[in-house]
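Counting the sequence shown from 1 gives a position; this note's numbering is that position plus 185.
Glycine included, each C-beta is placed from N, C-alpha and C at the ideal position.
No experiment lies behind these values; they were computed from the predicted model shown.
Each remark here refers to the structure printed beneath this line.
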Amino acid sequence: MVELGGLVIRYGAIAAVQGVDLAIDAGEAVAIVGPNGAGKTSLLSAIAGIVRPSAGSIRIAGRPLAGIALSDVVREGVALVPEGRNIFGSLTVMENLRLGATPRRDASVSADIDRVFADFPILGERRDQPAGQLSGGEQQMLAIARAMLSRPRLLMLDEPSLGLAPNIVDKVYDILRQIRSQGVSLLLVEQNAARAFALADRACVMSRGVFTLAGTPAEIERHDAFDAAYFGVAMAKAGAA
């Protein structure tokens with residue numbers, strides 16, 4: 186359903202992503218883990234239309250995405266929940282949600298917002314409150330709900346558990362399982378590998394702009410090179426000895 190072919194992302198002379206290939210099926214969850222600076226966020230940004238690739242292709246259901254307007258990427262069915270959530274704190278919960286539906290051209294937005302409140306009761310209770318007054322976990326739920334109002338086929342999340350208490354992370358991942366059960370594909374960048382692997386069908390370890398390991402979560406965790414790849418060290422313990 187989503188296909189990346191030979192994707193390259195450069196910032197000047199620096200190659201953040203170097204020839205990445207990836208395919209994600211409908212309803213499949215794929216996790217990307219790895220050290221800071223590996224190129225994970227750049228990869229999501231390119232798929233979302235925020236960053237223009239230097240080379241390679243991005244397709245959803247066979248339709249090219251690379252180089253088209255950000256609003257058109259959303260209309261093609263791609264949504265991103267960025268690290269830090271990027272909610273508008275001075276706007277109400279309801280106003281934030283309506284912004285998520287802006288790219289749509291249909292008359293069923295109100296019905297979809299009602300469904301959001303059924304799935305996220307706390308957002309319904311606080312619909313008229315400024316979003317900046319929500320807790321971190323509630324803001325993450327709002328960010329996910331806002332993204333879902335664009336009716337994505339691919340939902341991408343950058344560090345969805347970052348800064349959240351374990352019980353709130355449980356709730357967030359329960360929501361993601363529910364979303365996947367609806368046939369939505371998930372692509373997660375996550376520092377909490379255990380959480381991501383428990384959800385994902387497949388996983389990739391990214392380091393220095395390339396995938397160094399790929400497979401099922403169980404296969405990756407059993408791999409002798411997993412710790413070194415995940416933490417971005419070429420066996421630092423050996424170098425320190």
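Reduced DSSP secondary structure (H/G/I, E/B, other) of residue i
i	result
PRO220	coil
VAL202	strand
MET430	As shown, the chain starts at 186 and ends at 426. That puts residue 430 outside it, with no answer to give.
VAL259	helix
THR427	Past the boundaries of the shown model lies residue 427; the chain is included only from 186 to 426, so the question cannot be answered.
PRO249	strand
ILE272	coil
ARG407	helix
ILE235	coil
ALA126	One cannot answer for residue 126 here, as it falls past the ends of the chain, which runs 186 to 426.
ASN414	Correcting the residue identity first, residue 414 is Ala in this sequence and not Asn. In the structure shown, ALA414 sits in a helix (DSSP, three-state: H, G or I).
ALA254	coil
GLY197	coil
For residue j and residue i, the rounded distance between their alpha carbons
i	j	result
ALA251	ILE232	7 angstroms
ILE194	PRO267	18 angstroms
ILE311	ASP412	One point to set straight first is that residue 311 is Arg, not Ile, in the sequence displayed. One C-alpha to the other measures close to 42 angstroms.
LEU327	ASP299	14 angstroms
LEU308	THR226	27 angstroms
ARG260	SER239	23 angstroms
ASN377	GLU406	13 angstroms
PHE305	GLY234	28 angstroms
HIS408	ILE209	22 angstroms
ALA361	ILE329	Note that residue 361 is Leu in the sequence shown here, rather than Ala. The straight-line gap from Cα to Cα measures roughly 9 angstroms.
VAL263	ALA198	29 angstroms
ALA296	ILE243	32 angstroms
SER370	ALA200	27 angstroms
GLU375	LEU384	11 angstroms
ASN352	GLY247	39 angstroms
GLU344	ALA303	25 angstroms
ALA414	VAL294	43 angstroms
Proximity of residue i and residue j at Cβ, strictly below 9 angstroms
i	j	result
LEU207	LEU229	no
LEU331	VAL354	Before going on, a small fix: residue 331 reads as Arg here, not Leu. No, they are not a contact pair.
LEU372	LEU340	yes
VAL395	GLN203	yes
PRO249	SER392	no
MET333	ILE245	no
PRO315	GLY274	yes
GLY190	GLY241	yes
GLY285	SER346	no
GLN324	ARG270	yes
GLY410	THR397	Correcting the residue identity first, residue 410 is Ala in this sequence and not Gly. Yes, they are a contact pair.
MET279	ASP313	yes
Residue i beta carbon near the ligand FMN (any heavy atom closer than 8 angstroms)
i	result
HIS408	Among the ligands in the structure shown, none appear at all, so the ligand FMN cannot be discussed.
May I ask you to verify whether the region 374 to 393 touches the region 210 to 219, counting CB pairs closer than 8 angstroms and requiring at least 3? yes
For this session: Just list the alpha helix (DSSP H) runs in the region 275 to 331, keeping only unbroken ones of 4 residues or longer that don't cross its boundaries, in chain order.
Result: 278 to 285, 294 to 304 and 306 to 310
- Query: What are the uninterrupted segments assigned as beta strand (DSSP E) that are 3 or more residues long and contained completely in the region 331 to 373, given in chain order?
  - Reply: 339 to 343
Contact between the region 316 to 324 and the region 284 to 299 is defined here as three or more beta-carbon pairs at a separation below 8 angstroms; is this criterion met? no
> Which whole runs of the beta strand (DSSP E) in the region 376 to 403 are 3 residues long or more, in chain order?
Replying inline: 387 to 392 and 395 to 400
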